[in-house]
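Top to bottom, those sequences are chains A, B and C. Per the working numbering: the first sequence = residues 1 to 485. Per the working numbering: the second sequence = residues 1 to 123. Per the working numbering: the third sequence = residues 1 to 497.
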Amino acid sequence: MNLWLLAPELSLFFTAVVVLLLGLASSRRGIVIGVSLLGVLVSFVFAAFLWSGTPQATFNGMLSVDQFAVFFKFIVLAALVLVILASADYDYKVEQVRAEYFTLILISAVGLMLLSSARELITIYVSLEMSSISLYVLAGFLRDRRSSEAGLKYLLLGSVASATLLYGMSFVYGLTGKTELGQIASAIQSLSLSGLLDNPALLLGLVLVAGGFGFKISSFPFQMWVPDVYEGAPTPITGYLSVASKAAGFAAVMRIFYDAFGAPSWLGQNWGLLFAGLSIATMTVGNIVATAQANIKRMMAYSSIAQAGYIMVGLAAVSMGQSVAPAARSALAFFLASYTLTNMGAFVAIIAFSNKTNSDLIVDYSGMGRRAPLLALGLTLCLVSLLGLPPTAGLIAKVYIFNAAVQQGLLWLVIVAVLNTVVSAYYYLRVVKLMWLGNPVSEEPVPSSAALRTALFLACAGILLLGIVPDLLVRLSETAGHSLL
Amino acid sequence: MLTQFGQIALFILVIVLFISALPIAAFIFRLIGLAPHKPTQVKTSTYESGMETVGKSWIQFNVRYYTYALIFVALDVTAILLYTWAVDLKSLGAAGLGVALVFIAILAVGYLYTWKKKFLEWK
Amino acid sequence: MNIPYLTLILFLPVAGAIVVALLPKPEQKTIRSVALVFTLLSFFLSIGVFLGFDRSSAAGTMQFEEKLSWLPAIGSAYHLGVDGISLVMMILTTLIGVLTILVSWKVTSRPREYFIWLLVLETSILGVFTSVDLIMFFIFWEVELVPMYFLISIWGTGRKEYSALKYVIYTITGSALMLAGILTLYFSVGTMDMAVIAQTDLSKATTIIPLAGIFVLLLIGFAIKLPVFPLHTWLPDAHTDAPTAVSVVLAGVLLKMGGYGMIRFNVGFFPSVAEDAAPILMALAVVNVLYGAAITLRQTDLKRLIAYSSVSHMGLVLLGVFALTPVSLTGATLQMFNHGVVTGLLFAMVGLVYDKTHNRNLGKLGGLARQMPIVVVVFSIAGLASLGLPGTSGFAAEFLVFVGSFTSTTVTSARVLTLLSAFGIVLTAGYILWMLQRVFYGPPKEEYNRVPDADRVEMLCIFSFVAVIGLIGIYPAILTNVIQVGTRSLTVLVGAP
């Protein structure tokens, strides 16, 4: 038991407690945000130290501290920095309980960071709930009608998903008698089955676990909650939900399915096909419904569903490749990193716009290119990256992940995915078009605070950097992909 | 594998039979006169050994009850955990003491918070 | 030390765009001068590369190569190089790049953004022609969409937003399939280096899907761009609604990306499949030529007319490419260059006429010969070059295509198909001459009495076009020498005589 290996989580949790106590004395914005950012920085430094260590399992195999986990900790921390900065301009709506707001964000981040390390069913469940419960509260934080609806919906559906997950886990445990993923894998192998239909309990467990996580990563058919929650929740939280919680969710899915259900190879191919099918349904539903949205937060919600579909292409590739090809795992990690920057950037810009216009309707973005050229440029860059055009990170991520899928013989899946990209061009470019070609409703410029501008700048710089010299991050994600315990 | 599930199914069947047998048996006993039937006012009341409700039962509880309940549950859990810890205090040693202190400290933050936010005052 | 010529050529326009973007509150005059200087520099450098290109038979195919590690995870590198074919395309692009700046000399609406996009566009097209790496090729192919979208939808006319989106959706569909094709290709051969793939005999490689499948995936993307009937419907809309300079680029260079891709990928990588598919594609080429020309005859909008004529002319490129002989491939490449210059000029002329008369309707125009003599002369020269009059570049190119495909032995029905498409020349003569007559001749009209002729900048621009047309017409060997260096390696694989 080496607490040092938990340093990033512990320091972040400590920060959360400090912020909460600070809030009792004074809830001045500068102090609260400053301390939060400082904590994130400390946690980041610890994580960076862990990066150079050797991969190892700790706490009796409950947690694994490998580069894969640390990579996702970086992603969560990056999202955290952006969401804290983005909240700086938004928290006037939650002024009375500002400290609590940031505390909850930090605690949910601790949960997500643990989730990316967890390699034991109960730890996975506990860390998942740790983040989810904070997020349920945050989604309903504004206490107006929409936000309350969002919070309640998220809570109810989230609980159903947790129950499903637990039910699935209980089947897996019942079958194997183990909760640690590696031991589950060897227990399954010792059953010497020849197909999934030989063992209905395993089939049921697999499907239920996939269903429980399907909710977290907003895969079809568990995507129903996404638009309502994204629309109602405070915008920074929406951004956070769409990136950090999704990234960690994918990390956990990957760990469970790859570690526990990775062998024998027919099993891998079975769940690979499951995810391939879900991926097609998810991205098609997301993209097609997104074209019909009038509210930009709803549009981004469906867009994030579609993006989850692309990521699941990578998941399917992981299942097919197994230990031979870590490319798919690296591609997944890279895609999530690039997606985190891009989607968070887009939400930062949306916050800036809606602070001024008090509206999330797409038509109100008309002529923003003239009212706030820099913000509009930032949003354009993010949307272009989501669409996957050069010179942005989005393109490299897509090429990387499709590359891995083709390598595993999933050409048909890639063709469906790239055709989906074409559909997505319609709704992403519609916003871009309105911003630059539409007539402004008024000539008033749109102000934005320094914190928001910093956040948007960081996101955009990251998108461009990864788009032009992707090798920096590709190397990291390769290490991460190789290191998976 | 399927036979194991079969055992479970058999078990469920027994449960269903047993449960449905109870009311049927009561009905039959009543029919053949084995069970006496002497209702009184007390026997037919809603809660035979409880109190009648006063006013409507569909009222909103003060939200304060929930915070009290939460704090109380936390206290309960602390007590249970500390009890087991205290039983084996000797072998757990200094490290165990440290862990327990951290645990209490975290909970103390919660109490401090509720206290400062005046949740403990009943206005 | 080696000067990275290609990198300089490639990124000078984008450097110009950055300079324009950073200028504090620049006037339109400064912006356009900066743009002109950077495109000129790029052009002169590419002329330098052209002169330094080794034409001897011993020379390697790829020259001026530059290679840096970029994305080793998926086998991709920053790898530039030119062979005979891409060199010609590069010259064409830098030339058209300079001329489009001149064509846009009087753009005053949001000039800064306009010139930035124009310069970015040039870099992206140059990237397509100079990339040796598949992923680089793909990325530049995609970059081109962004500036095109904005240029058409902001500075265009008519149903500009519809046309711009249509263009983008068509192209993305094609490039999406192309990406799938590129990735399968990569896993079949294990390299992203086009030069290496061209040397590999793919019919012996183990591929993930049948070779013909990869061929089709790649072909669709290029066929949309060229465009090949029935995927051509984006072209008239985009051309008609784009601003003049963008029409020039679109017709002048963008379509060539399709033809270039076909030569490099479909013919270069899959000679055996290309041979099997050639009859179908040549038949499509005939449809392109005849259908395109027939539709052109019916147009009443001057710009739309020129746009449809492109469909017809690009049919000849397709014919030349898939006749698979050295002569026809040379002819097809020359035809791409020729069409770039001639149709570029035609669009520039249409822009001039429209600027001065504010009318593009053939029924309303007429008798302009008297008011604008210079425009008439240049327009006629362009028209004649377009129909392939001897002495113009059009003649050299079309003649080579016809001779090459007529003598093709690889494709059985080549002779019939060539004769059929030669009939397209007659139709071309029909619509060009008829158009000239309706616009410039006939009784002069009252409302155009005060219409000015071309001014100095416009003359500089259009006469440069004319000079190139004449030069290639009189001495085509200046280009064919170079092109042959490129086609040599292709036709070895095809196994033609």
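Backbone N, C-alpha and C fix where the C-beta goes; we use that ideal spot for every residue, glycine too.
CB contact check: residue i to chain C, cutoff 7 Å
{"i": "Q487/A", "result": "In the structure as shown, chain A starts at 1 and stops at 485, and residue 487/A therefore has no counterpart that could be examined."}
{"i": "T421/A", "result": "yes"}
{"i": "D89/A", "result": "no"}
{"i": "V110/A", "result": "no"}
{"i": "P326/A", "result": "no"}
{"i": "Q407/A", "result": "yes"}
{"i": "L472/A", "result": "no"}
Residue i - containing beta strand (DSSP E), residue span
{"i": "H79/C", "result": "S76 to V82"}
{"i": "A150/A", "result": "Careful: A150/A lies outside any beta strand (DSSP E), inside the alpha helix (DSSP H) at R145 to T176."}
{"i": "L142/A", "result": "Run containing L142/A: none; DSSP gives neither H nor E here."}
Check whether residue i and residue j have beta carbons under 7 Å apart
{"i": "V128/C", "j": "M314/C", "result": "no"}
{"i": "I31/C", "j": "N403/A", "result": "no"}
{"i": "S131/A", "j": "A118/A", "result": "no"}
{"i": "V287/C", "j": "F229/C", "result": "yes"}
{"i": "G286/A", "j": "Y310/A", "result": "no"}
{"i": "L102/C", "j": "C461/C", "result": "yes"}
{"i": "G212/A", "j": "T164/A", "result": "yes"}
{"i": "S477/A", "j": "F275/A", "result": "no"}
{"i": "V146/C", "j": "L429/A", "result": "no"}
{"i": "L305/C", "j": "M435/C", "result": "yes"}
{"i": "G487/A", "j": "I280/A", "result": "As displayed, chain A neither begins before 1 nor continues past 485, which places residue 487/A out of reach and without an answer."}
Interface flag, residue i vs chain A, CB-CB below 7 Å
{"i": "A223/C", "result": "no"}
{"i": "T173/C", "result": "yes"}
{"i": "V109/B", "result": "yes"}
{"i": "K116/B", "result": "yes"}
{"i": "M1/C", "result": "Bear in mind that a pLDDT of 46 at M1/C, under 50, signals an unreliable position, so the number given afterwards is only what the model happens to contain. No - not a single Cβ of chain A is within 7 Å of the one on M1/C."}
{"i": "L254/C", "result": "no"}
{"i": "E66/C", "result": "no"}
{"i": "I104/B", "result": "no"}
{"i": "V377/C", "result": "no"}
{"i": "P497/C", "result": "Low local confidence applies: a pLDDT of 39 at P497/C is under 50, so the model's placement there is unreliable, and no value is given."}
{"i": "S421/C", "result": "no"}
Assigned secondary structure, residue i (DSSP; H/G/I helix, E/B strand, else coil)
{"i": "W271/A", "result": "helix"}
{"i": "W434/C", "result": "helix"}
{"i": "F335/A", "result": "helix"}
{"i": "L206/A", "result": "helix"}
{"i": "T58/A", "result": "strand"}
{"i": "N481/C", "result": "helix"}
{"i": "A454/C", "result": "coil"}
{"i": "D360/A", "result": "coil"}
{"i": "D201/C", "result": "coil"}
Continuous alpha helix (DSSP H) stretch holding residue i: start and end
{"i": "A139/A", "result": "L121 to A139"}
{"i": "W155/C", "result": "L145 to W155"}
{"i": "T123/C", "result": "P111 to T130"}
{"i": "L45/C", "result": "Q28 to G52"}
{"i": "V65/A", "result": "Where V65/A is concerned, there is no enclosing alpha helix (DSSP H), although the beta strand (DSSP E) it sits in stretches over L63 to V65."}
{"i": "Q189/A", "result": "L181 to S190"}
{"i": "A252/A", "result": "K246 to R255"}
{"i": "L22/C", "result": "Y5 to L22"}
{"i": "L68/C", "result": "That residue, L68/C, is in no alpha helix (DSSP H); its beta strand (DSSP E) goes Q63 to L71."}
{"i": "W51/A", "result": "R29 to W51"}
{"i": "H239/C", "result": "W234 to D241"}
For residue j and residue i, believed in contact at Cβ under 8 Å, the rounded distance
{"i": "I125/C", "j": "T171/C", "result": "That belief does not hold up - the Cβ atoms of I125/C and T171/C are roughly 13 Å apart, past 8 Å."}
{"i": "F44/C", "j": "V482/C", "result": "Not quite, the Cβ-Cβ distance comes to about 17 Å (not below 8 Å), so this is no contact."}
{"i": "V353/C", "j": "H232/C", "result": "About 25 Å separates the two Cβ atoms, so there is no contact after all."}
Proximity test, Cβ basis, 7 Å: residue i and chain B
{"i": "V17/A", "result": "yes"}
{"i": "L193/A", "result": "no"}
{"i": "L208/A", "result": "no"}
{"i": "L24/A", "result": "yes"}
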